[in-house]
Amino acid sequence: MKSEEALERLHKIDREVNHLIKTAAILQWDQETYLPPRGVEDRAEQLALIEGIAHERFTTPEMGRLLTELGSDTKNPSGDEKLPPVERDFLKTLRRAYDREALLPQAFVSDAARAQGLSQAAWVEARKNNDFAAFVPHLKAMVEISRKKTEYWGFSQAAAYNALLDLYEPGLTAAEITALFTPLRDRLSPLLKKIAAQPYMDAPFLDRIFDTDQQARYNRQLMEKLGFDLRRGRLDITAHPFTTTLGFDDVRITTRYHSDNLLSSIFSTIHESGHAFYELNIDPALRGTCLAEGVSMGIHESQSRLWENVIGRSRAFWEGQLPGLKDVFPDQLSAVDSDAFYRGVNRVRPSLIRVEADEVSYSLHIILRFELEKRLFSGDLAVEDLPAVWRQSMWDFLGVEPETDAEGVLQDVHWSQGSFGYFPSYALGNLYGLQFWKKLRQDLQGRSDIPAPEAAIAQGDFSTIHAWLRDHIHQWGRRFDPADLLKQVTGETLSVTPFLEYIEAKYTELYEL
Ligand code: ZN
């Protein structure tokens with residue numbers, strides 16, 4: 000077969016698999032948003048069927064044959080050097096995924112899926128009852144399944160955790176992450192303790208009641224003001240906010256509304272919009288291919304956290320947006336000025352729960368989980384000992400200690416699903432995000448034809464920021480590995496410095512340290 004024909008055939012299989020994956024994503028989105036409770040049973044069958052067909056299509060022997068024909072193998076996944084660069088990136092992405100999927104025996108895949116379902120259900124119960132012991136056998140099974148998976152992929156026990164990290168952040172090892180997280184922890188932990196010793200910044204206006212229908216109205220306005228084209232997506236409600244891509248012109252986000260917590264919905268909407276902007280700005284030439292998605296979880300989080308924190312929790316942002324918010328909530332907010340609001344949304348307090356953590360504490364919650372995962376996979380830590388080690392680490396890192404496991408080791412869903420290696424992405428996102436932001440500001444500041452980024456944000460004009468992110472990051476989809484993209488955009492390797500400089504400058508000023 001000529002290489003053009005082989006490529007064409009590969010693209011056809013990839014397109015079909017992609018349609019199947021998106022179809023499963025629609026079923027999943029519906030399950031999280033609108034499915035009536037008793038619809039769950041049939042939905043599970045429908046999802047399993049579609050996912051099974053997608054897996055089968057993707058792992059056909061033909062796929063392996065075509066990749067090999069085009070010169071792509073495990074050592075040289077990009078294939079024939081004479082092929083155009085975008086096709087080589089396409090082959091690289093397919094080969095890596097194919098190697099992972101095809102090496103797992105079918106029986107192992109279905110056993111793992113079943114165990115995962117049971118484990119997640121057991122976790123829900125264990126968290127509700129604060130009963131870690133009941134969850135132990137399931138968590139052990141999840142660790143074992145993950146380890147077994149890396150064995151099928153050909154990794155030794157010593158390399159198992161690296162193989163898992165690679166699923167979320169291609170190319171980054173546990174040793175490299177440790178070299179970043181250690182200085183991060185060594186500077187964030189004392190900063191947090193210094194802030195905690197200051198009087199708590201009170202913002203009583205945030206403790207008022209905010210009608211949830213009005214919040215929904217505001218959040219819809221907000222996403223449009225941020226630049227979300229509602230012809231290409233929508234906002235719905237879920238318990239745990241997320242973003243899902245259902246098609247090239249269909250990216251959906253969710254948020255949640257609590258009448259006693261206005262900020263929860265607003266910052267979830269901004270965060271998820273950040274994820275959506277990434278997916279919506281990928282080069283149309285990549286449409287429908289495996290390249291039309293974000294590079295990695297870490298780069299994805301860099302976008303969501305950039306919008307949520309660096310932009311959304313800035314003084315300039317609330318200079319621009321507070322009047323609109325006051326129009327919706329005049330009774331609660333009419334006496335509040337943008338400076339007080341800025342201070343209110345940046346209150347810092349060491350706390351037990353990761354998803355509620357402020358910008359200073361957040362990475363510490365992640366580093367703690369990373370350290371425990373490393374030890375679980377090196378065999379240095381037994382599952383039974385997790386709660387005690389968790390409490391001690393919380394005390395060392397954040398200066399607080401949970402009274403219950405529900406507020407401690409049982410709080411997150413990730414481990415119950417066997418998603419080991421996922422957590423570091425969140426803190427890596429902070430690092431990538433500030434490296435990108437630093438470069439964006441260097442590029443856009445001091446140009447006579449456009450306002451500086453902060454001035455544009457204060458005017459509610461995000462167009463130059465969108466254009467920069469699209470041209471430098473979003474348009475490429477997942478063509479490049481994270482480290483290569485970072486190098487291409489900033490000329491740098493991954494570093495804690497821009498993030499720490501940003502955090503230290505912002506909070507030293509806010510807390511007059
Ligand atoms: Zn996110």
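If you count the sequence shown from 1, position 175 lands on 174 in numbering that gives the first Met the number 0, and the numbers rise without skipping. Note that beta-carbon positions come from the ideal geometry of N, C-alpha and C, so glycine has one too. In this text, all values refer to a predicted model and were calculated from it rather than measured experimentally.
Taking a 10 Å sphere around the C-beta of Gly-476, we find 16 or more other C-beta atoms and assign the residue as buried. Nearest Cα to Glu-3 within the set Ala-43, Leu-82, Ala-23 and Phe-57: Leu-82.
Per the Cβ contact rule, the region 437 to 445 is not in contact with the region 137 to 147 (fewer than 3 Cβ pairs under 8 Å).
If you look at Val-388, you'll find it in the alpha helix (DSSP H) that goes 385 to 397. Less than 8 Å divides the Cβ of Arg-286 from the Cβ of Phe-247. By the neighbour-count definition (other C-beta atoms within 10 Å, threshold 16), Ala-112 is an exposed residue. According to DSSP, residue pairing for Ile-236 in a beta bridge involves Thr-254.
In this structure Arg-342 is in contact with Met-200, their Cβ atoms being roughly 6 Å apart against a cut-off of 8 Å. Per the C-alpha coordinates, the member of Asp-330, Pro-169 and Arg-368 positioned closest to Arg-207 is Asp-330. At a threshold of 7 Å, Glu-300 counts as near ligand 1, since its beta carbon sits closer than that to one of the ligand's heavy atoms. When C-alpha distances from Tyr-97 are compared across Ala-173, Gly-116, Ala-121 and Arg-64, the shortest belongs to Arg-64. Counting only residues of its own chain and dropping the five nearest sequence neighbours on each side, Lys-325 has a CB closer than 7 Å to the CB of Leu-332 and Ser-333.
Around the beta carbon of Ala-454, a 10 Å sphere encloses fewer than 16 other beta carbons of the protein chains shown; the residue is thus reported as exposed.
Rounded to the nearest whole angstrom, the CA to CA distance from Ala-158 to Glu-511 is 45 Å. Beta-bridge pairing by DSSP links Thr-243 to Arg-251. Beta bridge pairing from DSSP links Asn-161 with no other residue. Bounds of the alpha helix (DSSP H) holding Tyr-341 are 337 to 343.
When secondary structure is reduced to three states using DSSP, Asn-75 falls in the coil class, being assigned neither helix nor strand.
By the Cβ neighbour-count rule, Thr-243 is buried, with 16 or more other Cβ atoms within 10 Å of its own.
Proximity of the beta carbon of His-274 to ligand 1 is indicated: a heavy atom of the ligand is located closer than 7 Å. Looking at the backbone, the Cα of Leu-187 and that of Val-488 are separated by about 26 Å. 8 Å or more divides the Cβ of Ile-456 from the Cβ of Val-347.
DSSP, reduced to helix, strand and coil, places Asn-129 outside both helices and strands of the structure shown, so it counts as coil. Ala-140 and Ala-114 have their C-alpha atoms roughly 8 Å apart. Of Lys-373, Leu-397 and Thr-403, the smallest CA-CA separation from His-364 is found for Leu-397. In the structure shown, the three-state DSSP call for Asn-260 is strand.
Cβ-Cβ separation between Pro-452 and Leu-439: approximately 7 Å, consistent with a contact (criterion under 8 Å). Between Lys-91 and the set Lys-74, Leu-103 and Gln-119, the nearest pair of CA atoms involves Lys-74. The three-state reading of DSSP puts Ser-362 in helix, counting H, G and I together.
A straight line joining the alpha-carbon of Tyr-256 with that of Arg-87 spans about 45 Å.
With three or more CB-CB distances shorter than 8 Å, the region 125 to 132 counts as touching the region 395 to 413. Tyr-431 sits away from Met-296, with the two beta carbons spaced by 8 Å or more. Shown here for Val-250: same chain residues with a beta carbon closer than 6 Å to its own, the five before and five after excluded, namely Gly-232, Thr-244, Ala-275, Glu-278 and Leu-279 in chain order. Between the alpha carbons of Ser-118 and Glu-124 lies a gap of roughly 10 Å.
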